[in-house]
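Laid out in structure tokens, this is it:
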């Protein structure tokens, strides 16, 4: 499946070259599949079905809670549900997990609460709805008309204004949508792609350290810098399929990247305080516990940075790093 970062691909269905979103060949539009094999719902006391939603305009969002590209869409999805819900819109989140910890219902419930999500979320642990819809990416948005036909598909970020205009057209709301700052972030200045710490993906650890599976000890000195988009380790770390886990009493990670922000998907059985240094300057520490996405750097300078993470908590678990 496609990686979630830097997804800017678009897919307007072949029959959906719509004028005012009224298809010239409505019969050839794809009918929205049913929600299939879900493990339950959050924010809904009863299961939702596409058949039961017939007559509403439906926006289906495939997402996963540790994905920064998904998290950034929550504010406008909430806003649309609140503003357009009374006029016939229903936003539906389909949570399809990337990591094993995202399959756990308490984790999903907590993430929904922390992000303030106010629309129903179906838990798609076995990817059955993902496959039924032939989905490819996190996030992906399917706009369904009142007759149950998919009229617009967009993958990734950068399409909020377009989607809102389409929603308004399907609801017969006159006038243009208001553009809200931040809905469509400019990701063009990011030069470092997302990377993973586990062995399921290509390992971004700097090759000078001879990255290894299982438990191994590493070290780097103060002057050593990894290649751009790579990282160095200090301490004893155990690399498993998904995560990288600190085994020694202390550990360090040094990352070199070109972006303004850095986010870390991480967890810790006991609260772990991360000391953060960026380009030699100390930042506010970050406390990690619940398996989720944490922001280590939230800057505006789109240039090359070296970020150091230091902790004294064995068991700190790292999954991926994403840049913004």
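Numbering (mature numbering (1 follows the signal peptide of the UniProt record, and there is no 0)), first residue to last: -26 to -1, 1 to 298. By construction, the Cβ of each residue, glycine as well, lies at the ideal position given by its N, Cα and C atoms.
Span separating the alpha-carbon of residue i from that of residue j
| i | j | result |
| --- | --- | --- |
| residue 288 | residue 296 | 23 Å |
| residue 80 | residue 16 | 10 Å |
| residue 162 | residue 276 | 10 Å |
| residue 69 | residue 103 | 10 Å |
| residue 67 | residue 34 | 6 Å |
| residue 50 | residue 88 | 16 Å |
| residue 109 | residue 197 | 45 Å |
| residue 175 | residue 53 | 36 Å |
| residue 259 | residue 119 | 47 Å |
| residue 183 | residue 232 | 22 Å |
| residue 264 | residue 146 | 43 Å |
| residue 124 | residue 27 | 13 Å |
| residue 164 | residue 62 | 37 Å |
| residue -6 | residue 149 | Confidence at residue -6 is low in this model, with a pLDDT of 43, below 50, so the placement of that residue should be treated as unreliable; the coordinate-derived value is given next. Those two C-alpha atoms are separated by around 15 Å. |
| residue 77 | residue 282 | 30 Å |
| residue 160 | residue 132 | 8 Å |
| residue 230 | residue 273 | 15 Å |
Which residues DSSP lists as bridging residue i, in chain order
| i | result |
| --- | --- |
| residue 212 | 189 and 219 |
| residue 231 | 279 |
| residue 295 | 169 and 238 |
| residue 284 | 226 and 249 |
Residue interval of the alpha helix (DSSP H) (run including residue i)
| i | result |
| --- | --- |
| residue 42 | 42 to 45 |
| residue 139 | 134 to 144 |
| residue 88 | 79 to 89 |
| residue 51 | 48 to 58 |
Three-way DSSP call (helix, strand, coil) for residue i in this model
| i | result |
| --- | --- |
| residue 8 | coil |
| residue 115 | strand |
| residue 96 | strand |
| residue 255 | strand |
| residue 39 | coil |
| residue 290 | coil |
| residue 107 | coil |
| residue 30 | coil |
| residue 76 | helix |
| residue -6 | Unreliable positioning characterises residue -6 in this predicted model, as indicated by a pLDDT of 43, which lies under 50. The coordinate reading is nonetheless provided below. It is coil, neither helix nor strand. |
| residue 270 | strand |
| residue 67 | strand |
Beta strand (DSSP E) segment containing residue i, residue limits
| i | result |
| --- | --- |
| residue 243 | Counting along the chain, residue 243 falls outside any beta strand (DSSP E), and DSSP gives it neither H nor E. |
| residue 261 | 260 to 262 |
| residue 127 | 124 to 129 |
What are the start and end residues of each continuous beta strand (DSSP E) run of 3 or more residues lying completely inside the segment 150 to 206, in chain order? 188 to 192
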